[in-house]
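In the numbering used here, the protein residues as written are 6 to 616.
Where is the CB? At the ideal position from N, CA and C, for every residue including glycine.
Computed from a prediction, not measured in an experiment: that's the story for all the values here.
Here it is, written out as structure tokens:
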């Protein structure tokens, strides 16, 4: 590799490191400080602010959801007690249907906890209006010439069914002031999909025109909203007339735009978090007018984020009735489940609810491979190790060529040093003789950079996988690793748990000790592995300043990578060990000195001398 190429690579590496360092040591601590200064209230027993009025969906007209008076924020349980309810109990979900409004506003996920421990509270997805962080889903009808349409205050009656469970639908009914009879049938499967059928009968003596609507509403921003930009959170959907495409609007951009409108045939639309989503999907042949909008509630000061769509208007003559069906996904964004719904219900690109990133064409197949190995091993950590082997096998010819060039460069290093000494005052002659040496020895210095450049898209894709896929959340490995998506919980500051002291709780310096100085076992193993790999790579032609920078890289990378998920560290440590083995074999084959043999020679000599 010539000097210009090395300078370019060094500049790129240093620039990437500076960006990572800024994200890790500046943005990260600021986010943690903000969360400490403005924590979200717990779900029980705390009050803050005022509940906002209910927003109406796009083109809803009067009477769609109506408006509720602002009232003090209540605990979740207190808000639930304000309305009569029917229990929801499935293998995956637990909650209730609110008979006032006939809406879904109380839902927790059985298989997911706030913390790693199974004794920690279940993850709350939907929360009733009046409670802090209200978040709910609603279906209904809008119409200009219909009086007394059901709204948020309308009390529905149970017509059939008891608790809502798989195979046991719930049927609700409501009679409007003008005599229209509304029936709502809610069914749920054993995972996260509700099927909501809204029917209306017109026993009156005049025709009415109605249009079905759906709405997902969130009052305020979700707790712990990420600010790094690596995960999309906000409005999401796949919408369009002829060729539906993915529509994304993060909370900040969503608020800035205020309102977004789309016309679509089928598709889906909702609100997504990092791991969870609430989204409606109509019949895939139904034309809809979709909207995502943000309004501000003056009583509470909260921004109300709402996605909705309205179907085609239907005119009912006297004695006629009609019905529409919508599917509501409310749960965890597990890839197999999303793919299953996409296939069974023909929902387009439903697995794109997971934020695969702009390298989706690489991220998706890598995750599919991890998932395949998991189904056969039962451990995502082991699946990561197997993934590493597969990637190294696939990239072996390219990487081996690069490492072979590196070994050859190390072998001709004495000749290069001699040329540099001979032509120290004549750069042109040095360049000419170096090119001749490279040609004679069949060495291409640039090819030694290929393995390093290939790791850049891999790093991005793997970071995405460990950040956005819920399968990695709280997934254990072995020993002390109980969550592959989190940092290594051990730290050198308390001798990896031998000292009963939590550095992050230390007054004044706890933030620093618990953040940038939190170096666990896997970050140290990773740093040692890249140091050994680097020591087996020649630095011929690199000036002393660049060599000093390169030698500092393992230390810097140790601190930076310690802030990332331990699953990512496991991958890169194992990958580095395979690289070291590959380099060692090549160095032995070309009879080039290497630090591993040197260490054992010195160790053997020391033992012989001691004996």
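Taking the C-beta atoms as reference points, residue 239 is found nearer than 9 Å to residue 254. Ranking 288, 245, 410 and 386 by CA distance to the CA of residue 594 puts 410 first.
With a threshold of 16 other beta carbon atoms within 10 Å, residue 596 falls short and is exposed. The beta carbon of residue 391 is closer than 8 Å to those of 378 and 382 in its chain, skipping five residues each way along the sequence. When only Cα atoms are considered, residue 182 and residue 152 end up about 6 Å apart. Contact check for residue 90 against residue 104 passes: the beta carbons are separated by less than 9 Å.
Per DSSP, the beta bridge partners of residue 326 are 206. Annotation for residue 129: the continuous beta strand (DSSP E) segment containing it runs 127–131. DSSP places residue 614 in the helix class (H, G or I) of the three-state scheme. In the three-state reduction of the DSSP assignment, residue 280 falls in the coil class, being assigned neither a helical nor a strand state. Secondary structure note for residue 340: its alpha helix (DSSP H) is the uninterrupted segment 340–350. Its chain contains no residue whose beta carbon lies nearer than 6 Å to that of residue 122 once the 5 sequence neighbours on both sides are disregarded.
DSSP places residue 428 outside any alpha helix (DSSP H), giving it a letter other than H or E.
Cβ-Cβ distances below 8 Å link residue 301 to 307, 308 and 309 in the same chain, with the five nearest sequence neighbours on each side left out; the list follows chain order. As the crow flies, the alpha-carbon of residue 331 is around 30 Å from that of residue 119. The Cβ atoms of residue 322 and residue 280 lie no closer than 9 Å to each other. In the DSSP assignment, residue 387 falls outside any beta strand (DSSP E) and within the unbroken alpha helix (DSSP H) covering 385–399. DSSP places residue 370 in the uninterrupted alpha helix (DSSP H) bounded by 365–382. The DSSP-derived three-state label of residue 176 is strand. Straight across, the Cα-Cα distance linking residue 539 with residue 563 is about 14 Å. Here DSSP, grouped into helix, strand and coil, assigns residue 235 to coil.
Assignment of beta-bridge partners to residue 462 by DSSP yields no partner. For residue 560, the secondary structure class from DSSP, reduced to helix, strand or coil, is helix.
With 16 or more other Cβ atoms from the protein chains shown falling within 10 Å of its own Cβ, residue 334 counts as buried. Contact check for residue 531 and residue 555: beta-carbon distance about 17 Å, past the 8 Å limit, so the pair fails to qualify. Separation of the CB atoms of residue 477 and residue 572 is rounded to 6 Å, and the pair is thereby assigned contact status at 8 Å. For residue 448, the closest alpha carbon among the candidates 421, 433 and 472 is that of 421.
Counting C-beta atoms within 10 angstroms of its own C-beta, residue 198 has 16 or more neighbours from the protein chains shown and is therefore classed as buried.
Contact check for residue 222 and residue 311: beta-carbon distance about 5 Å, within the 8 Å limit, so the pair qualifies. Taking residue 580 as the centre and dropping the five residues before and after it, the same chain places the C-beta of 393, 396 and 397 closer than 8 Å to its C-beta, in chain order. Residue state for residue 80 is assigned as coil, using DSSP reduced to three classes. If you ignore the 5 residues before and after residue 210, its C-beta comes within less than 8 Å of the C-beta of 323, all in its own chain and listed in chain order. For residue 273, the three-state secondary structure derived from DSSP is strand.
Closest in C-alpha terms to residue 100, from the list 143, 170, 403 and 166, comes 170. Around the beta carbon of residue 268, fewer than 16 other beta carbons sit within 10 angstroms, so the residue counts as exposed. Between residue 527 and residue 578, the gap from beta carbon to beta carbon is short of 9 Å.
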